[in-house]
Amino acid sequence: MSEPLVPRMQGFGTTIFAEMSALAVETGSINLGQGFPDTDGPPAMLDTAIEAIRSGLNQYPPGPGLPELRQAVADQKRERYGLSYDPAAEVFVTVGATEGIAASVLALTGPGDEVIAFEPTYDSYAATIALAGAVLRPVTLRPDGGRFTFDPDELRAAVGPRTRMILVNSPHNPVGTVFTRDELELIAGLCREHDLVALTDEVYEYLTFDGAEHIPLATLPGMRERTVAVSSVGKTFSVTGWKTGWVTAPAPYIRAVQTVKQFTTFAVGGPWQRATAYALGNELPWVEELRASLQAKRDRLITGLEAAGFTAFRPQGTYFVQTDIGPLGFKDGVELARALPGKAGVVAIPSQVFYQRPDEGARFVRFAFCKKDEVIDEAVERLRRVTG
5 MSEPLVPRMQ GFGTTIFAEM SALAVETGSI NLGQGFPDTD GPPAMLDTAI EAIRSGLNQY
65 PPGPGLPELR QAVADQKRER YGLSYDPAAE VFVTVGATEG IAASVLALTG PGDEVIAFEP
125 TYDSYAATIA LAGAVLRPVT LRPDGGRFTF DPDELRAAVG PRTRMILVNS PHNPVGTVFT
185 RDELELIAGL CREHDLVALT DEVYEYLTFD GAEHIPLATL PGMRERTVAV SSVGKTFSVT
245 GWKTGWVTAP APYIRAVQTV KQFTTFAVGG PWQRATAYAL GNELPWVEEL RASLQAKRDR
305 LITGLEAAGF TAFRPQGTYF VQTDIGPLGF KDGVELARAL PGKAGVVAIP SQVFYQRPDE
365 GARFVRFAFC KKDEVIDEAV ERLRRVTG
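Going by this note's numbering, the sequence shown opens with residue 5, and the numbers climb by one from there.
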């Protein structure tokens, strides 16, 4: 029997996250690969979800989302960023940020359109763009002064007559960059000049370190009307399995996204929506404590990785530390990541799988620090014994 997969999806096999997590289970390794915390979110938020289940919120909720969550998201945008969105027409709930991004790309791009994204890109971006029949034009983030950034000339050169969208992930997974106002101004200027849609992935919006400020692209002049912003509850409140996200955008874009989403998952679990609405309104002090603890965990992991011989880049946000494996004598991150579980009992993610041009990322490996301190300490001790 011939390969049944449609041509545009060939090359997108099992995700690296599934492969490495399965390897972690198989070898009994510490999983510093996939970005999920090993502790739960605020107890009162969890109790709100339980009470919602017990009170009967177990049937289909409204397709666009519970009104209380849409209002909570609108309130959060206004209070935190000064952005005003109509909760009835400009806020839409999705099954996590991944669906929000996918529905937006499928709704707003088509065959032959070009989408600019900054590589390394989160793995769903390339697959979703391929599903739309569009073309991904990567602009590479490279180390410069201890952080990853892009070459402005490369970004300008990537814009062509078929460019439809720029996809911006900040804080950025996997390199941890939080784009500066100057960087965002350049992106915004190109969007305005060439009449482009901006799709922003802002799931780590609260998880920034060392005073780095997350600036939503929609707050820049002329961008509110052309930005489709995506975020979610999972990373902010340590409930990645809830898969509850949202899209905020002008009403015509929301209608386009809803047209796609209603034929995929239709609706999002009501209990998670109610609990998320509660958390956005009541648990932000808990998030600040989480942010501070993650900064300490980041520093703890970096200290250990450097002692083990890795060159570590200090992220300004997210759950992840990007490392250069060159000083250890390795040139291929996939080869090293597949060997580490057997050699050291630790799982990492090879960053090159996030590149359209894998050679650009061959020497980088990503480690997650959203783990208990004792787990981080044991992992780096295992790495040190092997690399040392």
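Virtual Cβ for every residue (Gly too), placed ideally from N, Cα, C.
Keep in mind the model is a prediction, meaning the values are calculated, not measured.
Host alpha helix (DSSP H) of A316 (start-end): Where A316 is concerned, there is no enclosing alpha helix (DSSP H), although the beta strand (DSSP E) it sits in stretches over T315 to F317.
Span of the alpha helix (DSSP H), counted from its first residue to its last, around L50: P47 to R58
H176 burial status per 10 Å Cβ neighbour count (16 or more: buried): buried
Every unbroken beta strand (DSSP E) within the segment 153-193, with a cutoff of 3 residues, ordered by chain: 167-173
Beta-carbon spacing of V119, M169 below 8 Å: yes
F324 beta carbon less than 8 Å from that of F371: yes
Neighbourhood of M5 by C-beta distance below 7 Å, restricted to the same chain and skipping five residues each side: With a pLDDT of only 48 at M5, under the threshold of 50, the placement of this residue in the model should not be trusted, and no figure is reported.
Three-state secondary structure assigned by DSSP to L61: coil
Outcome for S242 when other beta-carbon atoms lying within 10 angstroms are tallied against a minimum of 16: buried
Environment of L305 [buried if 16+ CB atoms lie within 10 Å]: buried
Other residues of its chain near T280: CB distance less than 6 Å, five sequence neighbours each side excluded: L73, V237 and T248
Proximal residues to L194 (C-beta, below 6 Å), its chain only, five neighbours per side dropped: V163
Cα-Cα separation between T132 and A260, rounded to whole angstroms: 16 Å
Start-end ranges of the beta strand (DSSP E) lying completely within the segment 241-328, minimum 3 residues: 249-252, 315-317 and 324-328
Cα-Cα separation, L284 to A271: 20 Å
Distance CB(G330)-CB(V384) smaller than 8 Å: no
7 Å Cβ shell around D336 - same chain, five flanking residues per side excluded: A366
Rounded distance between the beta-carbons of P41 and W290, thought under 8 Å: No, W290 and P41 are not in contact; Cβ-Cβ is about 13 Å, not under 8 Å.
Reduced DSSP category for S236 - H, G, I as helix; E, B as strand; rest coil: strand
N-terminal and C-terminal residue of the alpha helix (DSSP H) that V379 is part of: D377 to T391
Cα-Cα separation between A316 and P147, rounded to whole angstroms: 11 Å
Three-state secondary structure assigned by DSSP to A222: helix
Residue of G104, A311, M49 and T144 minimising C-alpha distance to D157: T144
Buried versus exposed call for P165 [16 or more other C-beta atoms within 10 Å across all chains shown]: exposed
Residues bridged to V97 [DSSP beta-bridge criterion]: W250
With 16 other Cβ atoms within 10 Å as the buried cut-off, status of I380: buried
Helix, strand or coil at L87 [DSSP, three-state]: coil
Member of G69, V182, F152 and A192 whose CA lies at the smallest distance from the CA of T327: F152
Range covered by the beta strand (DSSP E) that runs through V143: V139 to T144
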